[in-house]
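What follows is a single structure, written as structure tokens, with notes after it.
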Amino acid sequence: MAQTPEQRVWDALAAIPDPEIPAISLVDLGVIGSVEVAEDRVRVELLPTFVGCPAIDVMRQQIAERLADLGVASRVEVDVSFATPWTSERISPAGRERLRRSGFAPPVTSVADGLDELAVLPIAECPYCGSRNTTLENPFGPTLCRAIYHCADCRQPFEQMKRV
Amino acid sequence: MSQLGPAPTELDVRAREALAELLLSVADDEFIIGFWDSEWTGIAPMLEEDVATSSIAQDEIGHARALYELLASVTDDDADRIAFGRAPGDYRHAALLNHARGDWAFSVARRWLYETADAVRLAALAGSAWEPLASLAAKMRREETYHRMHVDTWLRRLADGSPEVRARLAEALERLWPDAQEIFTPLAGEEELARHGLLPEPMRALHASWLSQVRPVLALIVPDLPAATPSIEGRTRRTDDFTWRHGQFTMVVRSDVGASW
Chain G
3 MAQTPEQRVW DALAAIPDPE IPAISLVDLG VIGSVEVAED RVRVELLPTF VGCPAIDVMR
63 QQIAERLADL GVASRVEVDV SFATPWTSER ISPAGRERLR RSGFAPPVTS VADGLDELAV
123 LPIAECPYCG SRNTTLENPF GPTLCRAIYH CADCRQPFEQ MKRV
Chain B
259 MSQLGPAPTE LDVRAREALA ELLLSVADDE FIIGFWDSEW TGIAPMLEED VATSSIAQDE
319 IGHARALYEL LASVTDDDAD RIAFGRAPGD YRHAALLNHA RGDWAFSVAR RWLYETADAV
379 RLAALAGSAW EPLASLAAKM RREETYHRMH VDTWLRRLAD GSPEVRARLA EALERLWPDA
439 QEIFTPLAGE EELARHGLLP EPMRALHASW LSQVRPVLAL IVPDLPAATP SIEGRTRRTD
499 DFTWRHGQFT MVVRSDVGAS W
């Protein structure tokens, strides 16, 4: 069966790497909120991980270029939106696994709603040895969305994609 | 960024003006504290703190950018022009943000006062009837949780420090206390905001809520903080410190007016 235009757009987006952590795609990262294909235009809703993420413009540009090449519509619109807030729960299982294999601990998931001090308590699983015997060194890391940890078992510093 | 939401064209002119005033005050607060804190990049007390303060400053300027975008959609303006194209007297940040960064205790004191007040304000904004503002505020709250945790840790650490550290912290809190109230300066057209549910609670109520949260903590550090209330010119008073800061952050834009970067 032929792919729908929407499916082709999603597939194209799944091939665009995150500018800051290229191991994971924009789709696996969960920053694509929705895709709409109308007769002459395709609209992509982009949900920033952090409001001030400096990679937003790069993402927009890459999406616009990739979809223009795809030729499903003559006009490509990329709208940054907070209507659905990005949370770390939006990262797909495959995305979490790719983060881990690149040396990033995926964010802690929880059924709790909202985000209070308790929810950001320092828990991370070392992506190298799987130990939970880790300590938070700094809740602020090299980018807005990353925190720095140290593993007491394999003595390896590592980064965690922050729970937000 | 573009199209964070439709302009609230269904609002009358007075309500739109009041909304613009509200957005400008919050955006300017975030913008200016972001710039002051960014000065610690490279000179914070330790390397980890360099990273943390820089990251927080970047968050705040990012929040300001998103708020300026919303404002631009209401007033049919340009976010960059609003951020960098005004004279110092046209900024609407609270007097708390008029001061230069000072020493580390001063920066911690200011940030603690600011973050606690901002949390109260953001909770109210998250209940705004204007969906683009409510959803942005909800998103910002999740990020600010980290800021509050960070500055609260610092406040407690300094409060448990040597006599000199404690004295510097207490002195900073005392000096900043009156200007911190100005975050809750009543806005022009607040009745309009209330009528349309744009700001569900008046500034006076938010101020009372903030005081009840911070007073018990502050009492342990500065036993005799005076009663203080917001003043009418709490968001219009400007200082030489701010004029200097403004000159710094508009320097590149002014070097080639109208250039495309």
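Protein sequence lines correspond, in order, to chains G and B. Per our numbering, the first sequence starts with residue 3, numbered consecutively. Per our numbering, the second sequence starts with residue 259, numbered consecutively. Cβ atoms here follow ideal geometry from the backbone N, Cα and C, with glycine treated the same way.
key: Inside the region 7-47 of chain G only - alpha helix (DSSP H) runs reaching at least 4 residues   = 7-15, 28-31
task = With DSSP collapsed to three states, give me the class of B:Met304.
result = coil
query = In chain order, what residues of the same chain have a beta carbon less than 7 Å from the beta carbon of G:Ile150, not counting five sequence neighbours either side?
reply = Glu139, Asn140, Gly143, Pro159, Glu161
key: Alpha-carbon spacing of B:Ser470 relative to B:Pro484, whole angstroms   = 14 Å
ask   = With contact counted as at least three CB pairs below 8 Å, one residue from each stretch, are the region 274-288 of chain B and the region 446-457 of chain B in contact?
value = yes
request  = Only counting runs of 4 or more residues, tell me where the alpha helix (DSSP H) segments fall wholly within the region 59-140 of chain G, in order along the chain.
outcome  = 95-103
task = Determine, using beta carbons only, whether G:Cys55 comes closer than 8 Å to chain D.
result = Reference to chain D is not applicable here, since the protein chains of this structure are G and B.
message = Strictly below 9 Å CB to CB, what residues from chain G border B:Arg323?
response = Val53, Gly54
key: chain B contacts from the region 80-91 of chain G (Cβ-Cβ distance under 9 Å)   = Val80, Asp81, Val82, Ser83, Phe84, Ala85, Thr86, Pro87, Trp88, Thr89
task = Leaving out five residues on either side along the sequence, give the residues of the same chain with a beta carbon under 6 Å from the beta carbon of G:Ala126.
result = Ala107, Thr136, Tyr151, Gln162
inquiry  = When you compare the CB of G:Glu139 with every CB in chain B, is at least one pair closer than 8 Å?
reply    = yes
query = Taking only beta-carbon atoms, is B:Val309 less than 8 Å away from chain G?
reply = yes
ask   = DSSP three-state call for B:Phe342: helix, strand or coil?
value = helix
query = On the premise that G:Phe84 lies in contact with B:Gly320, defined as a C-beta separation below 8 Å, what is that separation, rounded to the nearest angstrom?
reply = That belief does not hold up - the Cβ atoms of B:Gly320 and G:Phe84 are roughly 12 Å apart, past 8 Å.
request  = Might you give, ordered along the chain, the residues of its own chain that have their beta carbon closer than 6 Å to the beta carbon of B:Leu394, omitting 5 neighbours on each side?
outcome  = Ala324
key: Listed by chain order, chain B residues near G:Val166 by CB distance under 7 Å   = Arg400, Glu401
message = If contacts are defined as beta-carbon pairs under 8 Å, then B:Ala235 and B:Ala430 qualify, I think. What distance do you get, rounded to the angstrom?
response = Look at the range of chain B in this structure, 259 to 519, and you will see that residue 235 of chain B is not part of it.
request  = Give, in chain order, every residue of the region 400-433 of chain B whose Cβ lies closer than 7 Å to some Cβ of chain G.
outcome  = Arg400, Glu401, Thr403, Tyr404, Met407, His408
key: Proximity below 8 Å, CB of G:Val39 to CB of G:Val74   = yes
request  = Put G:Gln162 into one of helix, strand or coil per three-state DSSP.
outcome  = strand
ask   = Is DSSP giving G:Arg157 helix, strand or coil here?
value = coil
inquiry  = Determine, for B:Gln439, whether the minimum Cβ-Cβ distance to residues of chain G falls below 8 Å.
reply    = no
inquiry  = In this structure, how does DSSP classify G:Ala149 when only helix, strand and coil are distinguished?
reply    = strand
inquiry  = Judging by CA-CA distance, which residue of B:Val472, B:Thr501, B:Glu306 is the nearest neighbour of B:Trp370?
reply    = B:Val472
query = According to the neighbour-count rule (16 or more other Cβ atoms, all chains shown, within 10 Å of its Cβ), is B:Gln439 buried or exposed?
reply = buried
task = State the Cα-Cα distance for the pair G:Ser90 and B:Asp498, rounded to the nearest angstrom.
result = 43 Å
message = For chain B, check one thing: does any of its Cβ atoms lie closer than 8 Å to the Cβ of G:Glu22?
response = no
task = Can you say whether B:Ile490 is buried or exposed, counting buried as having 16 or more other CB atoms within 10 angstroms of its CB?
result = exposed
ask   = Are the beta-carbon atoms of B:Ile314 and B:His465 separated by less than 8 Å?
value = no
key: chain G contacts from the region 270-302 of chain B (Cβ-Cβ distance under 8 Å)   = none
task = Drop a sphere of 10 angstroms on the beta-carbon of B:Leu478, count the other beta-carbons inside from all chains shown, and report buried for 16 or more, exposed for fewer.
result = exposed
key: Secondary structure of B:Thr487, DSSP reduced to three states   = coil
ask   = Between the Cα of G:Asp30 and the Cα atoms of G:Pro109, G:Leu72, G:Arg98, which residue gives the shortest distance?
value = G:Arg98
inquiry  = If I measure Cβ to Cβ from B:Ala358 and keep anything under 7 Å in the same chain, skipping five residues before and after, which residues do I get?
reply    = Asp499
message = Assuming contact is defined by CB atoms lying nearer than 8 Å, are B:Glu318 and B:Glu288 in contact in what I supplied?
response = yes
request  = Given a cut-off of 8 Å, decide if B:Leu434 and B:Leu354 are closer than it, judged by their beta-carbon atoms.
outcome  = yes
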